[in-house]
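Undergrad: The structure is given below, and queries will be raised subsequently.
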Amino acid sequence: MLYRNPQMMTHNNSIRTRLASLASRVISYFKNEETLKLYKGTYAYLEDLSDYQLTYDKDKFQEFTGVFFSIESDELTNLYDSNLYDIKSLHKLYTTSNLDFELKDRISDSNMFYEIVSIDSSIGYLTILLKAIEWK
Numbered sequence: 010m011l012y013r014n015p016q017m018m019t020h021n022n023s024i025r026t027r028l029a030s031l032a033s034r035v036i037s038y039f040k041n042e043e044t045l046k047l048y049k050g051t052y053a054y055l056e057d058l059s060d061y062q063l064t065y066d067k068d069k070f071q072e073f074t075g076v077f078f079s080i081e082s083d084e085l086t087n088l089y090d091s092n093l094y095d096i097k098s099l100h101k102l103y104t105t106s107n108l109d110f111e112l113k114d115r116i117s118d119s120n121m122f123y124e125i126v127s128i129d130s131s132i133g134y135l136t137i138l139l140k141a142i143e144w145k
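Under our numbering, the residues of the sequence shown are numbered 10 to 145, in order.
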């Protein structure tokens with residue numbers, strides 16, 4: 010039987026809170042000058058295909074701030090996420106935003122569009138892996 014130590018749980022929670030606070034300060038220090046935008050996908054039924062398709066509207070977005078880092082192709086081979094090694098380049102986004110990020114959602118900066126391929130919130134802030142996409 011597993012017994013939980015309330016003191017240890019409080020200690021872990023305070024560490025997570027401190028890490029989130031530190032991340033917020035770091036992100037605000039490095040934050041991009043341009044506004045980042047989150048586009049949520051919605052499923053629409055296409056009668057001609059008799060199937061549902063994920064669609065996005067460029068006019069419907071939520072703004073947030075974060076920090077982008079590029080990941081080079083040789084670094085991708087070290088990632089343990091499945092099938093990411095064959096992508097030419099990825100970008101890592103750090104944010105403390107409280108938006109509801111989901112896989113396949115899209116993000117943009119001033120001149121590029123990205124699709125979310127991985128989300129990690131284990132430390133108290135979000136680490137999001139993005140791949141660049143063309144969106145016409």
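Here a beta-carbon is modelled for each residue, glycine too, at the ideal position from N, C-alpha and C.
If you're wondering where the values come from, they're calculated on a predicted model, not measured in any experiment.
Who pairs with I128 in a beta bridge, going by DSSP?
TA: Translated into the one-based positions of the sequence shown, residue 128 becomes position 119. I128 pairs with I137.
Undergrad: Give me, in chain order, the residues of the same chain whose beta-carbon lies closer than 8 Å to that of Y55; leave out the 5 immediate sequence neighbours on both sides.
TA: Here residue 55 refers to the residue found at position 46 of the sequence shown. It should be noted that the sequence gives Leu, not Tyr, for residue 55. Closer than 8 Å at the Cβ level, and outside the excluded window around L55, lie Y61 and Q62.
Undergrad: Of all the options K145, S131, G133 and Y103, which has the alpha carbon lying nearest to the alpha carbon of I125?
TA: Against the sequence shown, residue 125 aligns to sequence position 116. Nearest C-alpha to I125: Y103.
Undergrad: Quick check: what's the CA-CA separation for L112 versus S130?
TA: By one-based count along the sequence shown, residue 112 stands at place 103. By one-based count along the sequence shown, residue 130 stands at place 121. Computed Cα separation, rounded: 13 Å.
Undergrad: Name the DSSP bridge partner or partners of D73?
TA: In the sequence shown, the residue the question calls residue 73 occupies position 64. With the sequence shown as reference, residue 73 is identified as Phe, and Asp is not the correct amino acid for it. L45.
Undergrad: Determine whether the Cβ of T136 lies closer than 8 Å to any Cβ atom of chain B.
TA: No chain B appears in the structure shown, which is made up of a single protein chain.
Undergrad: So T64 is in the beta strand (DSSP E); what residue range does that whole segment cover?
TA: In the sequence shown, the residue the question calls residue 64 occupies position 55. Its beta strand (DSSP E) spans residues D60 to T64.
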